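Student: One structure coming up, written as structure tokens, with questions to follow.
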Amino acid sequence: MHGVCEDNLMFKLAEKHNLLRMDMERCAMGDLYYESFDLEHVHVRGGRILSKAIVETAGKIHQKIGLKAQRYFQSVDGKVSGKEATSMEDFFNREADAELSKLNLSPEEAKDVEAALFGCFKNILTGYTGGEMSNCRFEMFGAAEELPGGDLELPVEIIDALAKEVPEDAVKLNKKVTKIDWTDKDSIKVVCQQEYEADFVICTLPIGVLQRFHEQLFQPPLPEWKVKAIDQTGPGANGKYFVEWGKPWRSANDHPILIAWTREEMGSISLPQDWTRGVLEISAEDPASSLMLVWVTGDCAQAADTLDDETVSGNFTTLRLFFENDSNGFLQVKKDIGELLRAFVGDPTIPDPDHLTRTRWTQDEFSLGSYSCAKLIADETTFETNGKPLPNSKNPRLLFAGEATHPSLWSFLHGARASGIREAERILTQLKK
Ligand SMILES: Cc1cc2nc3c(=O)[nH]c(=O)nc-3n(C[C@H](O)[C@H](O)[C@H](O)COP(=O)(O)OP(=O)(O)OC[C@H]3O[C@@H](n4cnc5c(N)ncnc54)[C@H](O)[C@@H]3O)c2cc1C
């Protein structure tokens with residue numbers, strides 16, 4: 041949960057169901073603040089760990105750039121249409137160079153700060169941006185409002201809390217919607233194996249799914265203005281790759297490993313083979329096992345998701361516990377992760393992970409992305425337009441919700457919930473007319 045505060049509808053839901061405890065793990069600041077990260081193990085190639093002073097210098101620059109980008113939207117009163125679009129990448133590079141030029145460092149120190157900034161923090165910012173920074177609009181970065189209060193890990197029981205809020209049997213699981221026919225003025229047909237008729241439909245399909253399938257899904261087709269807004273929205277690219285070793289190679293699986301590629305390496309990425317350059321962090325998931333999580337972001341995540349799977353057998357307990365159906369290994373991806381660790385931890389004896397279970401959200405037909413971002417062609421109307429009902433707001437029958445339809449909380453879980461409530465209220469208001 042981003043933003044532990046009363047304005048956060050997920051906070052309110054968790055509070056209502058007594059799911060919040062004072063001893064819960066909490067980070068007082070968000071991802072733009074470098075102190076939110078455990079930065080004691082930022083490795084450069086060969087195994088050397090960057091000093092605290094170097095990482096802090098880079099972290100402060102990252103923070104300054106992120107906060108400056110975030111404040112821009114407010115500073116222009118949310119009016120960005122008509123202004124020339126700058127990519128987050130160009131903004132980052134320009135600001136980083138300006139900040140680096142102010143420092144008085146030896147050539148070796150300067151190289152290390154650059155590696156921490158471009159090889160490590162830039163991936164963190166890409167994760168925050170949602171998609172590859174070269175395709176995301178700087179002017180829109182701050183349009184997704186960061187609520188105050190820092191981050192908190194919600195307990196998994198939040199799912200039960202959500203389920204309790206809807207009547208039993210109201211949710212039909214494992215039904216793929218293949219058609220939404222809104223031709224008839226009085227009722228809408230939704231086809232998902234069976235056919236359902238409804239007075240109103242709230243469509244919460246992810247933006248990537250809408251982009252890929254809207255022509256097949258909607259009858260009549262969505263109007264041009266709606267398709268335009270959907271196209272201005274980026275579906276986002278992030279991946280979570282869980283890896284486990286049969287025989288642990290770490291003396292204690294108790295801290296994350298961060299990677300600092302050189303600026304040159306980050307400037308010449310060839311995909312899909314260089315996908316590990318988009319690894320944001322390799323975190324230690326469970327001190328009692330060798331389970332780690334490789335978080336990959338941006339175009340590198342998209343490319344890694346396309347790499348072929350090859351079946352191998354394995355018997356690795358922790359992953360099996362969480363992913364019952366897991367029996368596949370992914371040889372190329374496992375080799376790449378092994379190589380990354382050997383090169384940056386500086387230990388040629390580290391084996392490739394024995395087991396890998398990964399999300400492939402950019403390829404999964406039910407997500408086709410992760411969380412939305414603002415493409416270079418987006419503006420302040422994009423997310424609001426995603427949420428506009430059809431045929432029009434006076435006669436809303438086919439409604440749209442989901443995180444990508446919230447004008448100020450897009451990308452966030454609480455934005456998704458707020459948008460669902462917004463549309464439910466729209467229907468109630470309509471019924472009262
Ligand atoms: C790695 C990662 C980390 C995140 N961390 C945070 C965080 O810390 N805090 C935060 O606030 N947010 C976070 N988010 C974002 C948050 O998860 C999303 O904003 C939220 O889940 C969006 O909800 P939604 O209902 O809009 O879309 P989704 O959760 O994507 O739901 C859409 C649903 O539509 C279904 N669907 C797709 N196609 C069809 C079809 N044809 N027929 C039927 N059903 C279909 C999908 O299966 C899915 O269940 C994170 C996201 C990711 C990927």
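Sequential numbering of the sequence shown, starting at 41, is according to our numbering.
A virtual CB, placed ideally from N, CA and C, is assigned to each residue, including glycine.
Everything numeric in this text was worked out from a predicted model, so none of it was measured.
On the DSSP bridge list, what partners appear for residue 232?
Tutor: Residue 232 pairs with 234.
Student: Kindly indicate the opening and closing residues of the alpha helix (DSSP H) around residue 140.
Tutor: That run of the alpha helix (DSSP H) goes 128 to 141.
Student: For residue 199, which of helix, strand or coil comes out of DSSP?
Tutor: Looking at residue 199 - three-state DSSP - the assignment turns out to be helix.
Student: Which value, in whole angstroms, describes the spacing of the CA atoms of residue 148 and residue 129?
Tutor: Rounded to whole angstroms, residue 148 to residue 129 spans 25 Å at the Cα level.
Student: Look at the alpha carbon of residue 372 and the alpha carbon of residue 301, and state the distance between them as a whole number of angstroms.
Tutor: The alpha-carbon atoms of residue 372 and residue 301 are separated by roughly 21 Å.
Student: When DSSP builds the beta bridges, which residues end up paired with residue 336?
Tutor: Residue 336 is bridged to 279 and 319.
Student: Could you tell me how far apart the beta carbons of residue 223 and residue 259 are, in whole angstroms, since I believe they sit closer than 8 Å?
Tutor: Confirmed, Cβ separation roughly 6 Å.
Student: Any heavy atom of ligand 1 inside 7 Å of the beta-carbon of residue 41?
Tutor: Yes, the beta carbon of residue 41 sits closer than 7 Å to at least one heavy atom of ligand 1.
Student: How about residue 244 and residue 460: are their beta carbons less than 8 Å apart?
Tutor: Cβ distance < 8 Å, so residue 244 and residue 460 count as in contact.
Student: Within 10 angstroms of the Cβ of residue 288, are there 16 or more other Cβ atoms? Answer buried if so, exposed if not.
Tutor: By the neighbour-count rule (16 or more Cβ atoms within 10 Å), residue 288 is not buried but exposed.
Student: Report yes if the C-beta of residue 302 is less than 7 Å from at least one heavy atom of ligand 1; otherwise report no.
Tutor: Result no, Cβ not under 7 Å from ligand 1.
Student: Helix or strand or just coil, what does DSSP make of residue 324?
Tutor: Reduced to three states, the DSSP call for residue 324 is strand.
Student: In this structure, what does DSSP give as the bridge partners for residue 414?
Tutor: BP columns for residue 414 point to 273.
Student: Can you check DSSP and say which residues form a bridge with residue 397?
Tutor: DSSP lists 282 as partners of residue 397.
Student: To which residues of the same chain is residue 417 closer than 6 Å at the C-beta, ignoring the five residues directly before and after it?
Tutor: 272, listed in sequence order.
Student: Closer than 8 Å is the cut-off here; do at least three beta carbon pairs connect the stretch 190 to 203 with the stretch 433 to 448?
Tutor: Too few Cβ pairs lie closer than 8 Å, so no.
Student: Who are the near neighbours of residue 355 in its chain, counting only those whose CB is closer than 8 Å to its CB and skipping five residues on each side?
Tutor: Its pLDDT being 40, under 50, residue 355 is placed unreliably in this model, and the value from its coordinates should be taken loosely. These residues qualify, in order along the chain: 286.
Student: Determine the DSSP secondary structure at residue 45, reduced to helix, strand or coil.
Tutor: Note: residue 45 maps to coil in three-state DSSP.
Student: For the stretch 265 to 285 and the stretch 402 to 418, state whether three or more C-beta atom pairs, one from each stretch, are separated by less than 8 Å.
Tutor: Segments in contact, yes.
Student: What is the DSSP secondary structure of residue 63, counted as helix, strand or coil?
Tutor: Residue state, collapsed to three classes: coil.
Student: Return helix, strand or coil for residue 309, following the three-state DSSP convention.
Tutor: In this structure, residue 309 counts as coil in the three-state DSSP scheme.
Student: With respect to the beta strand (DSSP E) encompassing residue 437, which residues constitute its N-terminal and C-terminal limits?
Tutor: Where residue 437 is concerned, the enclosing beta strand (DSSP E) stretches over 435 to 440.
Student: For residue 432, name the three-state secondary structure that DSSP assigns.
Tutor: Residue 432: strand per DSSP, three-state reduction.
Student: What are the boundary residues of the alpha helix (DSSP H) that residue 162 is part of?
Tutor: It spans 162 to 169 - the alpha helix (DSSP H) in which residue 162 sits, taken as one unbroken run.
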